[in-house]
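Here the structure comes first, spelled out in structure tokens, and everything after it is commentary.
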Amino acid sequence: MSPSPDMPLTPSERDALAGEYVLGLLEGADLAAFERRLEADAELAASVERWRQHFAAIDATAPAIPPSPELWRRIETELAAITPLAARPAATTAPVPPIPSSGSRFSDWWNSLFVWRGAALAGALATLLLAASLVGALDRARRQPVMVAVLLTETNVAAAVVNTFRDGRVEMLPLQAIAVPEGKALEIWTLWDRAVGPRSVGLIERPRATALRLDQLPLGANQLFEITLEPATGSPTGRPTGPVIAKGTTSQAL
Amino acid sequence: MATSATLPKQATEIEAALRACASGDKLALKRIYEAESARMLGVAQRLLKRRALAEEAVQDAFVLIWRHAARFDPERGSGLTWIYAILRNRALSILRDEKRTETSDTPVAEQTASEEDDPETVMSKLSDAKALRACLEQLPEQRRGIVLLAFVQGLTHGEIAGRLKLPIGTVKSWIRRSLLALKECLG
Numbered sequence: 004m005s006p007s008p009d010m011p012l013t014p015s016e017r018d019a020l021a022g023e024y025v026l027g028l029l030e031g032a033d034l035a036a037f038e039r040r041l042e043a044d045a046e047l048a049a050s051v052e053r054w055r056q057h058f059a060a061i062d063a064t065a066p067a068i069p070p071s072p073e074l075w076r077r078i079e080t081e082l083a084a085i086t087p088l089a090a091r092p093a094a095t096t097a098p099v100p101p102i103p104s105s106g107s108r109f110s111d112w113w114n115s116l117f118v119w120r121g122a123a124l125a126g127a128l129a130t131l132l133l134a135a136s137l138v139g140a141l142d143r144a145r146r147q148p149v150m151v152a153v154l155l156t157e158t159n160v161a162a163a164v165v166n167t168f169r170d171g172r173v174e175m176l177p178l179q180a181i182a183v184p185e186g187k188a189l190e191i192w193t194l195w196d197r198a199v200g201p202r203s204v205g206l207i208e209r210p211r212a213t214a215l216r217l218d219q220l221p222l223g224a225n226q227l228f229e230i231t232l233e234p235a236t237g238s239p240t241g242r243p244t245g246p247v248i249a250k251g252t253t254s255q256a257l
Numbered sequence: 017m018a019t020s021a022t023l024p025k026q027a028t029e030i031e032a033a034l035r036a037c038a039s040g041d042k043l044a045l046k047r048i049y050e051a052e053s054a055r056m057l058g059v060a061q062r063l064l065k066r067r068a069l070a071e072e073a074v075q076d077a078f079v080l081i082w083r084h085a086a087r088f089d090p091e092r093g094s095g096l097t098w099i100y101a102i103l104r105n106r107a108l109s110i111l112r113d114e115k116r117t118e119t120s121d122t123p124v125a126e127q128t129a130s131e132e133d134d135p136e137t138v139m140s141k142l143s144d145a146k147a148l149r150a151c152l153e154q155l156p157e158q159r160r161g162i163v164l165l166a167f168v169q170g171l172t173h174g175e176i177a178g179r180l181k182l183p184i185g186t187v188k189s190w191i192r193r194s195l196l197a198l199k200e201c202l203g
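Protein sequence lines correspond, in order, to chains A and B. Here the first sequence is numbered in my numbering, starting from 4 and rising by one per residue. Here the second sequence is numbered in my numbering, starting from 17 and rising by one per residue.
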């Protein structure tokens with residue numbers, strides 16, 4: 004549809020395409036191609052900026068709606084989760100998991116990991132099929148996930164998929180409607196080392212495709228991802244406190 | 017830029033705050049939040065219709081602003097258009113994801129937009145001082161409406177075609193021609 008990325012655009016093609024982009028009308032492969040071109044084409048970028056400046060007048064007509072008081076707190080919670088980790092304990096193979104002060108929940112959670120790992124392996128075929136079909140549905144369809152984790156519920160229903168990409172992006176796609184009670188949110192965790200414990204990588208109010216924020220956290224095969232139900236502002240302890248909705252471990256995509 | 021939608025003072029404050037964010041100053045992000053979050057929520061609400069989703073878009077936008085502040089380049093555009101571009105991109109991708117994973121009987125796009133978001137109402141609120149208003153007024157009403165539906169409510173070509181009972185090819189070519197006419201008029 005849109006001109007190939009290598010072909011020069013005429014000035015009117017360029018302005019029309021930039022205008023469609025700013026209107027939000029480019030989708031899927033056209034959008035991906037446009038964004039690639041935008042990185043390298045300064046005239047196109049300038050045209051996009053001109054449209055944005057003009058259309059800003061329309062955004063200025065939007066009513067000002069004061070956000071709920073919790074919104075800034077939710078943002079701060081997310082910022083805390085992406086702040087670079089200070090001295091993280093070196094990876095250890097200690098056979099005994101640390102017992103957190105919050106009681107036995109954590110060790111139960113960890114111990115059950117092995118059960119879940121087995122379940123995830125049993126779901127390997129499903130993983131591959133899902134990965135194959137989901138790739139087509141993604142905006143950046145051209146990029147294959149490097150690793151995929153299928154997060155299963157207690158009843159072995161695939162509730163979500165985590166895809167990791169070569170450029171470091173990690174995303175979670177829900178596969179099931181998950182009911183989230185008022186005042187609660189879904190928090191996503193990853194665990195790569197029992198000595199370090201689980202780290203929060205995302206907080207969403209309702210199931211939707213979301214980018215996970217791993218930043219400096221390690222990412223490898225057999226790494227656990229899990230979704231728990233937490234207060235709307237995220238777990239108060241920085242560790243999973245609510246019921247586990249789904250969990251699974253990463254496998255290399257073929 | 018002469019047509020900048022913002023007061024120069026406000027614009028430079030946003031840009032100074034973005035520079036401070038890039039060096040890790042969370043209070044600078046809070047200043048942007050205090051200045052812009054209500055308007056940003058209004059923009060997100062027009063696109064997403066549901067308050068909870070609109071707040072999520074604003075939340076995600078502020079996290080992205082924080083993470084990418086170092087990439088903001090004042091040579092390439094204003095700080096204000098940069099943060100609204102982040103917000104709009106985030107809101108649009110939530111909107112498209114919602115449509116894909118929607119389980120309720122009333123997908124987001126089908127939900128009734130408030131009259132406030134109606135193209136002609138938006139037109140009437142556009143500042144007389146803006147070149148955009150004069151140029152939009154030169155377009156036939158229906159074509160102007162299509163451009164505004166796309167921008168204000170985030171409708172796709174297909175959704176606009178469905179709503180106005182027009183062939184999708186007609187919608188696409190009208191938008192293209194409207195954009196070129198606007199470009200010509202805006203200079």
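For each residue, glycine too, the CB sits at the ideal point set by N, CA and C.
- Under the 8 angstroms criterion on CB atoms, B:R179 is classed as non-interfacial with respect to chain A.
- Note on geometry: alpha-carbon atoms of B:W98 and A:E157 lie some 43 angstroms from one another.
- Of the residues A:E174, A:V160, A:H57 and A:L82, the one whose Cα lies closest to the Cα of B:D113 is A:E174.
- In this structure, B:R92 places its C-beta atom within 8 angstroms of the C-beta atom of A:A48.
- Neighbours of B:K42 in chain A, taken as residues whose beta carbon is under 9 angstroms from its own, are E79 and L82 in chain order.
- A straight-line Cα-Cα distance of about 20 angstroms links A:L215 and A:T240.
- When the alpha-carbon of A:R202 is set against those of A:P210, A:L176 and A:E190, the nearest one is in A:E190.
- Contact annotation: the region 15-30 of chain A touches the region 38-57 of chain A, with at least three C-beta pairs closer than 8 angstroms.
- One finds L148 and F167 in chain B with Cβ atoms closer than 8 angstroms to the Cβ of A:F58, taken in chain order.
- In the structure shown, the three-state DSSP call for A:S254 is strand.
- Contact residues of the region 92-117 of chain B toward chain A are R92, G93, S94, L96, T97, Y100, A101, R104, L108, S109, I110, R112, D113, E114, R116 and T117 (C-beta to C-beta distance below 8 angstroms).
- For A:E16, the enclosing alpha helix (DSSP H) has its first and last residue at P14 to L26.
- When the beta-carbon positions are compared, A:A235 and A:E73 come within less than 8 angstroms of each other.
- Fully enclosed alpha helix (DSSP H) runs of no fewer than 4 residues occupy 135-141 and 147-153 of the region 124-160 of chain B, in order along the chain.
- Nearest in C-alpha terms to A:S15, of all of A:A45, A:E185, A:S50 and A:M150, is A:S50.
- Near chain A, meaning a CB-to-CB distance below 7 angstroms, the residues of the region 61-80 of chain B are Q61, R62, A68, E71, E72, V74, Q75, F78 and V79.
- Comparing C-alpha distances from B:A77 to each of B:E157, B:L164 and B:L108 shows the shortest one belongs to B:L108.
- A:L178: not part of any beta strand (DSSP E); DSSP gives it neither H nor E.
- Per the coordinates, the alpha-carbon of A:V165 lies some 42 angstroms from the alpha-carbon of B:K199.
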